[in-house]
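Peer 1:
And the structure:
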């Protein structure tokens with residue numbers, strides 16, 4: 009569930025609105041597995057973090073609790089200024105640790121999602137590991153792997169083996185491969201439904217099963233027509 013899509017709906021009467029959402033989930037026998045997302049938390053000034061980011065995060069925790077969801081996605085800041093990489097890693101790690109501790113007290117997991125976009129401060133799996141590895145002692149902190157970013161970076165499948173016990177969710181998306189120069193410039197508007205692009209999703213999912221990944225896969229539907237055969241199309245990918 010995308011936070012931006014529900015915040016207006018919840019603004020007038022949050023408790024009743026949350027109750028309606030929960031009842032609809034129960035009617036259709038659905039479970040909410042992730043609330044997406046807390047953005048731009050990692051490089052903001054401390055005052056902004058304390059006055060804006062933390063209250064928003066606490067609101068997400070409340071929604072997660074009410075909707076019986078145990079995972080919230082967080083994404084690093086976008087930053088165009090020249091900041092040394094070591095400082096980006098240090099500041100991201102510091103603020104992520106604070107959020108993780110808060111979430112731990114509420115029994116909520118935090119999924120960190122790097123984004124392979126030109127001005128994202130953490131834009132590949134290698135950088136994400138530098139942030140998360142020192143924090144592995146926090147059992148409620150792990151990775152969100154998005155195959156759009158994973159494939160765009162041409163990351164080797166084998167790099168998942170090292171973090172396999174810390175992956176909380178895999179988001180499936182595809183893209184049309186173009187030249188190397190154009191590949192680096194494509195953004196979220198270039199997302200394709202899984203299996204409709206250049207990324208070898210069948211081999212990817214096969215590999216995740218080989219390393220005993222047993223948690224959820226998700227597919228973003230906001231940019232796709234919600235057709236009756238979506239589940240069958242998904243089964244064709246993983247079979």
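Numbering (my numbering), first residue to last: 9 to 247.
C-beta atoms are modelled at their ideal positions from N, C-alpha and C, and glycine is treated no differently.
For residue 182, which beta-bridge partners are listed by DSSP?
Peer 2: 200
Peer 1: Can you find the residues in the same chain that come closer than 7 Å, C-beta to C-beta, to residue 47, ignoring five residues on each side of it along the sequence?
Peer 2: 83
Peer 1: Please name the residue, chosen from 37, 166, 62 and 58, that lies closest to residue 217 on a Cα-to-Cα basis.
Peer 2: 166
Peer 1: Residue 44 to residue 89, Cα distance in whole Å?
Peer 2: Near 26 Å, if we compare the C-alpha coordinates of residue 89 and residue 44.
Peer 1: Are at least three pairs of beta-carbons, each pair with one atom in the region 69–76 and one in the region 142–157, less than 8 Å apart?
Peer 2: No contact exists between the region 69–76 and the region 142–157.
Peer 1: Using the three-state DSSP reduction, which class does residue 54 fall into: helix, strand or coil?
Peer 2: helix
Peer 1: With distances taken between CB atoms, is the gap from residue 155 to residue 130 smaller than 8 Å?
Peer 2: no
Peer 1: Distance check for residue 212 and residue 66, CA to CA, integer angstroms please.
Peer 2: 35 Å
Peer 1: What would DSSP say about residue 163, mapped onto helix, strand or coil?
Peer 2: coil
Peer 1: Can you list, in chain order, the residues of its chain whose CB lies under 7 Å from that of residue 283, leaving out five sequence neighbours each side?
Peer 2: Outside the displayed span of the chain (9 to 247) sits residue 283, for which this structure offers no information.
Peer 1: Which two residues bound the contiguous beta strand (DSSP E) that contains residue 226?
Peer 2: 224–227
Peer 1: Span of the beta strand (DSSP E) holding residue 151?
Peer 2: Note, residue 151: beta strand (DSSP E), 149–154.
Peer 1: For residue 40, report the span of its beta strand (DSSP E) as first-last.
Peer 2: It is not in any beta strand (DSSP E) - residue 40 carries neither H nor E in the DSSP assignment.
Peer 1: Could you pull the start and end residues of the alpha helix (DSSP H) that residue 125 belongs to?
Peer 2: Taken as a continuous stretch (DSSP letters only), residue 125 belongs to no alpha helix (DSSP H), as it is neither H nor E.
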